[in-house]
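Reviewing the structure listed below.
2 protein chains.
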Amino acid sequence: MSQQVPALPDLPEATVARLPEYLRALHHLAESGNDTVSSEALAGAAGVNSAKLRKDLSHLGSYGTRGVGYDVALLIDQIEYVLGLTQRRAVALVGVGNLGHALAGYAGFGSRGFRIAALFDADPGRVGEHINGLVVRHIDELPEIAEAESIAIGVIATPATAAQSVADRLVAAGVTSILNFAPCVLSVPDGVDVRKVDLAIELQILSFHEHRKASLIALPAAGGLTALPGGLAATGTEEAVGS
Amino acid sequence: MSQQVPALPDLPEATVARLPEYLRALHHLAESGNDTVSSEALAGAAGVNSAKLRKDLSHLGSYGTRGVGYDVALLIDQIEYVLGLTQRRAVALVGVGNLGHALAGYAGFGSRGFRIAALFDADPGRVGEHINGLVVRHIDELPEIAEAESIAIGVIATPATAAQSVADRLVAAGVTSILNFAPCVLSVPDGVDVRKVDLAIELQILSFHEHRKASLIALPAAGGLTALPGGLAATGTEEAVGS
DNA sequence: CGCGATTTGTGCACGACTTCACAAGCGCCT
DNA sequence: AGGCGCTTGTGAAGTCGTGCACAAATCGCG
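Just so you know, the sequences run in chain order A and B.
Mapping of the first sequence onto the working numbering: residues 1 to 243, in sequence order.
Mapping of the second sequence onto the working numbering: residues 1001 to 1243, in sequence order.
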């Protein structure tokens, strides 16, 4: 009975991280009226190597047709199933400051499988405020609302000083996945997943590459930007930096 | 003469991605009055393995003392030098919608080596607006301002439909590093670095793990969350999910 | 019905990254 | 001065991810 669905294979983490990108590209293709797509075309739209794409898709039980390509609608269903997006997941957002406001109003969550079910803040001055059709609750109300709304995912958009405390409260309220925008490391029990997004870190990584590029052109030119191997610098493939 | 500074070693990309996290932890330690720190302690504060930390630091020419640890202030200087943060880098932010507003007001950029030098938007209704002490300019003014302010880093916070066009304009204006918040793949010439941050993708990755956890407890319990190997689930180390 | 064009799925080799385990080095205490 | 404990730096092994190159499979057409 529970073996009806193709039991989740344990995908490589790198593959999981790319599936959402494939999904986005597929939705785009579907809207453009495409019925099928080759691995080459889909890989191009997702910004990856076509062999990598095929290997990724093969991990979730191949649904392509040789000589033809992949059925766009079928592949969308498959990936959405694997990612657990067949149900719309409820998300709690904690911290409605500068960034939290923007996240609460971000349309991308709603259109890609998520529903912001509740907003929380510790500042009584912010409690009661209406944002995008939702009212900000006090963080003390988290347990009851998390229970009532079946919230399993939490987003932390508080200052770093409050983040660990908020994480503890989220875990206590039954949250098992956390997206952390605060610039700090969180400690959570086993079984709870944490992903971190730090905007300043992304810029610092870019800064390193700027520094490297600048030091290269300062050296006696040897195979740097000055020697363009392929003729004119083609507006071609994106330069991959990091993951 | 130009060999005075320890010429940039080409660090592994994975190391570069972790250096900013070390830097943040080091600043925190310095504020707490710590003078030196062991690899074990710093690794804990940064959420990584201590062997990994030592290898990362060894790549930039070891500045630790055996039996003692690392000099906090010296290490901060080293990492900031390698990341190119000795100068405060000017950043252009394009798109002052929902997310752009939040980014323009984000204090973390200023405190970690960056200066938002200009805001741009294509919507005439938004041009002229004051945000956080800056006035929003029209995107057509980008070339002159980028030149005047020596802007080499651009942040794209526009809708996906506009992102490629904005990227082209940024590159034409001399920008060589782009941080892209729009959910799409950018094509840029060689020599231009792009990093992408997609908030919905992060949630979808968490959703996958939720789905996996849910399907595990649905199966006959075999080594899942039910069998706690180390006694009580200690509020210990963070569970690493992806990079 | 058979053949060629096309595209998937994958074995294999390579490279990157991680982790362990330990020798080498440093400071402190006696 | 000498020895001991602590910590770094790194060789080596293991793991993970990537990309090539090709066999297998499918469709369309004559």
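All C-beta atoms in this analysis are idealised placements derived from N, C-alpha and C, irrespective of residue type, glycine included.
| Asked | Found |
| --- | --- |
| Beta-carbon proximity list for R1195 (chain B), same chain, < 6 Å, skipping 5 on both sides | L1179 |
| Other residues of its chain near R1054 (chain B): CB distance less than 6 Å, five sequence neighbours each side excluded | S1039 |
| Buried/exposed call for H130 (chain A), threshold 16 Cβ in 10 Å | exposed |
| Neighbour flag for A104 (chain A) against chain B, beta carbons, 7 Å | no |
| Which of helix, strand or coil DSSP assigns to T161 (chain A) | helix |
| R1024 (chain B): contacting residues in chain A (beta-carbon distance under 7 Å) | P183 |
| Residues of its chain near A1182 (chain B), where Cβ-Cβ distance is below 7 Å and the 5 sequence neighbours each way are ignored | I1156, T1158, P1159, A1160, A1163 |
| Cα-Cα separation, H27 (chain A) to A14 (chain A) | 21 Å |
| Nearest-angstrom Cα separation, counted from L1203 (chain B) out to L170 (chain A) | 16 Å |
| Cα-Cα separation, V1166 (chain B) to A173 (chain A) | 42 Å |
| Cβ-based burial, P20 (chain A) [other Cβ within 10 Å; buried from 16] | buried |
| D1123 (chain B) at chain A interface by Cβ criterion, 7 Å | no |
| One or two residues paired with D71 (chain A) in a DSSP bridge | A:T36 |
| Proximal residues, the segment 55-69 of chain A versus chain B, C-beta separation under 7 Å | none |
| Three-way DSSP call (helix, strand, coil) for R1054 (chain B) in this model | helix |
| Local conformation of T1065 (chain B) per DSSP, three classes | strand |
| Cβ shell of C184 (chain A) (< 6 Å), same chain only, five flanking positions each side left out | A160, A163 |
| Environment of P1012 (chain B) [buried if 16+ CB atoms lie within 10 Å] | exposed |
| Range covered by the alpha helix (DSSP H) that runs through F1181 (chain B) | It is not in any alpha helix (DSSP H) - F1181 (chain B) carries neither H nor E in the DSSP assignment. |
| Cutoff 7 Å: I1205 (chain B) Cβ touching any chain A Cβ | yes |
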